[in-house]
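Quick note on numbering: our numbering labels position 152 of the sequence shown as 158, and the sequence is numbered without any gaps. To start, the structure under review is shown below, and the notes come after it.
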Amino acid sequence: MTAYFQLLRRDLTGSLPAPQWPAGTQLDHYRDELAPAIHAVLRMTQHQGGGRVPNLDTWRQQFTRDAEFDPSLCLVASNAEGILGVALCWTSAFIQHLVVHPCAQRQGLGRALLLHSFQVFKQRGEPWVDLKVLESNLRARQLYEREGMRFVLRDVAPED
């Protein structure tokens, strides 16, 4: 069965809503010592995005050596229990991954990470931000569309 993704775009030139963080949430950026916990959340949620996350060492090398990598664009939300969600963004105003730990889903964390990502790119002078989402990932698509992301194109998702 062929899977499709949608490229969605959010115009950043207007006003943006402020993120409302769940109680006790702290925001940080990528640091190498957080890589194992970030990787664990990516692996735990990979089935929702349709991709496959390689082992930790391979992922860390691919991620941190990418030409578009900037640790300040890799947003990490946590609380006293650990990492709850991440928005891994590229310098090209692209949200590569936005994932929330299953224990923190449906509490507004994904929305807060998304809205914070919008603000970060707006502050960097970007006119818009893009992301790709599996067409079958209705929960994610509904969140993105509620927050002003609009359909740009549909394409076949690459097979692993």
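In this text, a Cβ means the ideal position worked out from N, Cα and C, and glycines have one as well. Please read these numbers as outputs of a predicted model, since none were measured by experiment.
Under a Cβ-count criterion, where at least 16 other Cβ atoms within 10 Å of its own Cβ denotes burial, should residue i be classed as buried or exposed?
i: Y10; result: exposed
i: Q12; result: buried
i: P164; result: exposed
Can you give the Cα-Cα distance for residue i and residue j, rounded to whole angstroms?
i: C95; j: C109; result: 23 Å
i: S21; j: L104; result: 22 Å
i: D34; j: H45; result: 15 Å
i: Y150; j: D63; result: 31 Å
i: A86; j: F75; result: 27 Å
i: R160; j: D38; result: 35 Å
i: L14; j: S142; result: 14 Å
Would you give the residue range spanned by the alpha helix (DSSP H) that residue i belongs to?
i: L144; result: L144 to R152
Does DSSP classify residue i as helix, strand or coil?
i: W134; result: strand
i: A3; result: Beyond the ends of the chain as shown, which are 7 and 166, falls residue 3; an answer cannot be given.
i: G88; result: strand
i: A110; result: helix
i: Q171; result: The chain is shown only over 7 to 166; residue 171 falls outside these bounds and no answer can be derived.
i: W96; result: strand
Could you spell out where the beta strand (DSSP E) holding residue i opens and where it closes?
i: F100; result: F100 to V106
i: L13; result: Y10 to D17
Between the Cα of residue i and those of the options, spot the shortest distance and give me the residue it belongs to.
i: Q113; options: R15, L18, D72 and G30; result: G30
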